[in-house]
Every structure is written in C-alpha cells, then in structure tokens.
C-alpha cells in the first residue's frame, strides 16, 4: 500500500489476514502442480517395465525415489523461504535493490572473508570434479558410484583396464599353448599387466581417501554450515533494515520508543550473527592448511604409483629380453628414425645382466653415402637431441673415426642424418668419434 507522498506504508494486521488466504491458496496450487509433475517420474507398470523384478526393480525404484525426494525437498525449501519472510522484509529487500531504502553494509573485513570463502568453494568444487574425472574417466561408472552412495550400498570392486587386459592375455596363452614362445610371452606380459592394474587400484583407493574425501567433506559439511549462517546473517540484516525504516516513519512518541527497542534488539541479533559468520569464515584458513596437506599426500600417492609402474615395466623388459633376446635382439632399442637419437639396447637387456659378456664388435658402416660424406671433425652436435650414456664395456677404436671407451665412464652421444643405426657420435671432452650403441646404456 502506498500513501499520497509516495512512501510505502506498513501493512496492518487486518490487511495481512485478508491477504493470507490468497497466499496459502497460491502455495497450495504450487504444491499440486509439483505433485502432478512428479507423477510422470513414477514407473508405469502397464508398460513392459512390469517384467522387471528383484534387485533390478528395487534399483530402478530407488533411483526414482532419489529424484522425487530431491525435487520435492528443493520445492519445499523454496516455498518455505517464501512463507517465512514477512511481506515487509521482501518489500525492504526490493527497495534496497532499487536504491529507495537504506541498506546496512557489512564491514570490509567480513566482506573480504566472504569473497575468499566463495573463491575457495568454487575452486575446490572444480578441483574435486576434475580429480574425479582423472581417477575415473568413465562417466557411466561415476554415475553408478553416485547412485550406490545415495542408496547406502557398498560400491562393488571394479576391475581395472590393465587387469582385464592381463586376464585376456593369459586366457589367450592357454589357447595358443603356454609352451610356445608367443604363449609364454603372453603369460609373462599378462601377469605384469595385472600388477599394473593392482598398482592403479591402490592409487585410486589412496587418492579417494586422502584427497577426494577431505574435499567432499568441506563441500558437503563445512560449506553448507557457512552457507546456512550467511543466509541467516542476510535475514538479520533485512530485519535490521526493517526496524530502521520503521523508526524513520514513526511519528508518535510511543511508536518511536517501541521502534527504538525493536531496533536495539535487531542490532544485537545482527551483531551476534555477524560474529558467528566471521568465526566460520576465518576457519577457511584452516581449510587451506588441511587441503594443502591432502594435496601433498595425493602427490606422494601419484609418485609412488608411477614409480611402481616404472619398476614393473623395467622388470618386464628384463624378463622379455632374457627370454627372447636371441629371437629379437633389438626389440627394446630406440628407433633412430622416430626418436632422432639412435639408441642401443635397453639398460635391462642381456648386456647388463651379471656375467654377460661384451657384445661382438659391430661391423664398420659400409654405406657409401656415409663413408664419403661423414667426416668426424666436421660433425657438429645438434641443438637438441644429445643424451648422456654410460659405457658398459671397454672398447678399442678400430680407426681414427672411432672413439675408444672405458667401462663405467659417461659420455655425450647423438646421431646425425645418414648414420648407420648401430653407431652414434660420442664426445668426451675435446675427443669425438663413432661409438657402437651395443656398448652403451642411454640415460635419460
């Protein structure tokens, strides 16, 4: 209701009584509309869904219940917010937005704490969601785990892709014959694939407990408490603004005294709620410290996982090279055409095994193009592509184009276009020459 001078008058109790039935009727209509909408979510047992029975039916009905209860809860929260606030508070909020009423401002420190908390919540949520994607890239699996959590059921153990691949390889080896070279190699590789899958499973469990769970606890626990107190603080601020507006409009001494008393009470409640909210927001610093510790634990778990995977692959290379070294002598050599640097056998090849003898001297390159164009004194190291290499055995140069080597020394090696793949250019100080890759262990 507006007075002649353009000011908004406070509604009397009689007017509120008149408007109350229409408000209740409007909210009842909203509830009926919501119920009508939710009936579509319920299963219609006249269609083929009635054949579903047992755990599948209970699982389906549980999913429907989740959506129904969640939607009903959100609608009730919306209706409750509309009913709980007096009409005058809504009017004051509208006038504040339009610049027609005075708004109680929060102090700068509290505003900074609120901005910092919002920033923490937003980025924590993004980090949490993306970490979930990293640990479980399959969206269907993530949805399934979400429903299991909502239904209070234990999430079943899921076989990793590496474990599944290892199982397939071992099953195939049984069909091909475990005594054949291919079958025995499939058994070995399959076993190591299963070990890689076990390491991945351990990493996923550790990361979920040490990193995801603290982030989830903050988003679903601490942040909900902070949000609740912030909403309560906003309500207290609106109540305080209502009391200020009422005091300004009071004309009689008795009305002014009552308005001043209400203003003092509202100011006290506002200050108390502001202090509670401030204490909660200052706890964000402790949250950062806790999340920092969890981040360190996540990195440690990730490093341990990759180290374990690297060890498994090294052991696998060693087994394969010892078992199939005669059949595939260069199976683990780096291809010079793809890497830009001709690499010798893996450091886990037979050349590095205890008691192994030095490899035979590789033949000198007979390529006419190389012998006619490659001159050691004119070779320049490339800008990128040089690597360190450890000498495995003593080597005596056959001519001036080669470099003599001593076991266990470190040299710099690289390749040049047109070079034989069994040779590299080696440098040791001012000395330079060709060296055989079979006498070297390339280092990263």
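Numbering (UniProt numbering), first residue to last: 1 to 444. Just so you know, even glycine gets a beta-carbon here, dropped at the ideal spot from N, CA and C.
Neighbourhood of residue i by C-beta distance below 8 angstroms, restricted to the same chain and skipping five residues each side
{"i": "residue 208", "result": "135"}
{"i": "residue 230", "result": "114 and 277"}
{"i": "residue 215", "result": "124, 127, 128, 131, 291 and 294"}
{"i": "residue 169", "result": "186, 187, 189, 190 and 193"}
Heavy atom of the ligand HEM within 7 angstroms of residue i beta-carbon
{"i": "residue 160", "result": "The ligand content of the structure shown is nil, which means the ligand HEM is not present either."}
CA nearest to the CA of residue i, picked from the options
{"i": "residue 437", "options": "430, 429, 431 and 412", "result": "412"}
{"i": "residue 286", "options": "169, 426 and 218", "result": "218"}
{"i": "residue 298", "options": "260, 213, 281 and 259", "result": "213"}
{"i": "residue 202", "options": "184, 189, 238 and 158", "result": "158"}
{"i": "residue 403", "options": "434, 210 and 139", "result": "434"}
{"i": "residue 401", "options": "432, 151 and 381", "result": "432"}
{"i": "residue 386", "options": "241, 284, 424 and 418", "result": "424"}
{"i": "residue 416", "options": "167, 145 and 378", "result": "378"}
{"i": "residue 284", "options": "112, 179, 105 and 104", "result": "112"}
{"i": "residue 257", "options": "244, 269 and 268", "result": "244"}
{"i": "residue 406", "options": "414, 422, 116 and 441", "result": "441"}
{"i": "residue 303", "options": "220, 323, 206 and 399", "result": "206"}
{"i": "residue 311", "options": "221, 199, 181 and 294", "result": "199"}
{"i": "residue 282", "options": "394, 226 and 221", "result": "226"}
{"i": "residue 211", "options": "323, 180 and 301", "result": "301"}
{"i": "residue 323", "options": "152, 180, 116 and 175", "result": "180"}
Residue i versus residue j - alpha carbon distance
{"i": "residue 321", "j": "residue 291", "result": "45 angstroms"}
{"i": "residue 306", "j": "residue 313", "result": "10 angstroms"}
{"i": "residue 443", "j": "residue 126", "result": "39 angstroms"}
{"i": "residue 38", "j": "residue 308", "result": "Summary for residue 38: the model assigns pLDDT 49, below 50, so the residue's position carries little reliability; its value from the coordinates is reported in the next sentence. So the two alpha carbons sit approximately 51 angstroms from each other."}
{"i": "residue 143", "j": "residue 265", "result": "49 angstroms"}
{"i": "residue 315", "j": "residue 186", "result": "15 angstroms"}
{"i": "residue 177", "j": "residue 190", "result": "14 angstroms"}
{"i": "residue 241", "j": "residue 108", "result": "19 angstroms"}
{"i": "residue 388", "j": "residue 409", "result": "10 angstroms"}
{"i": "residue 262", "j": "residue 106", "result": "20 angstroms"}
{"i": "residue 166", "j": "residue 318", "result": "18 angstroms"}
{"i": "residue 426", "j": "residue 118", "result": "58 angstroms"}
{"i": "residue 390", "j": "residue 288", "result": "46 angstroms"}
{"i": "residue 148", "j": "residue 279", "result": "36 angstroms"}
{"i": "residue 193", "j": "residue 183", "result": "15 angstroms"}
{"i": "residue 439", "j": "residue 155", "result": "53 angstroms"}
{"i": "residue 422", "j": "residue 398", "result": "15 angstroms"}
{"i": "residue 296", "j": "residue 123", "result": "17 angstroms"}
{"i": "residue 128", "j": "residue 380", "result": "50 angstroms"}
{"i": "residue 376", "j": "residue 414", "result": "13 angstroms"}
{"i": "residue 259", "j": "residue 268", "result": "14 angstroms"}
{"i": "residue 228", "j": "residue 220", "result": "12 angstroms"}
{"i": "residue 235", "j": "residue 195", "result": "58 angstroms"}
{"i": "residue 116", "j": "residue 146", "result": "29 angstroms"}
{"i": "residue 392", "j": "residue 418", "result": "25 angstroms"}
{"i": "residue 396", "j": "residue 382", "result": "26 angstroms"}
{"i": "residue 204", "j": "residue 110", "result": "39 angstroms"}
{"i": "residue 152", "j": "residue 255", "result": "57 angstroms"}
{"i": "residue 141", "j": "residue 102", "result": "52 angstroms"}
Under the three-state DSSP convention, the category residue i falls into
{"i": "residue 406", "result": "coil"}
{"i": "residue 389", "result": "strand"}
{"i": "residue 205", "result": "helix"}
{"i": "residue 428", "result": "strand"}
{"i": "residue 411", "result": "strand"}
{"i": "residue 433", "result": "strand"}
{"i": "residue 111", "result": "helix"}
{"i": "residue 441", "result": "strand"}
{"i": "residue 350", "result": "Because the pLDDT at residue 350 is just 37, under 50, the model does not fix this residue reliably, and the point stays unresolved."}
{"i": "residue 39", "result": "Note that residue 39 has pLDDT 47, beneath the 50 cutoff, so the model's placement of it is unreliable and the number below is only indicative. Helix."}
Residues near residue i by beta carbon distance below 7 angstroms, same chain, minus five either side
{"i": "residue 233", "result": "273, 274 and 277"}
{"i": "residue 237", "result": "104 and 270"}
{"i": "residue 223", "result": "121"}
{"i": "residue 429", "result": "none"}
{"i": "residue 394", "result": "405, 406 and 407"}
{"i": "residue 174", "result": "none"}
{"i": "residue 253", "result": "none"}
Close-in-space but distant-in-sequence residues of the same chain around residue i (CB under 6 angstroms, 5 per side omitted)
{"i": "residue 197", "result": "160, 162 and 163"}
{"i": "residue 188", "result": "319"}
{"i": "residue 239", "result": "266"}
{"i": "residue 172", "result": "186"}
Min CB distance residue i to chain C below 8 angstroms
{"i": "residue 442", "result": "Included in the structure is just one protein chain, with no chain C present."}
_Does the stretch 231-251 come into contact with the stretch 135-148, if we say contact requires no fewer than three beta-carbon pairs (one atom in each stretch) closer than 8 angstroms?_
No: fewer than three Cβ pairs fall under 8 angstroms.
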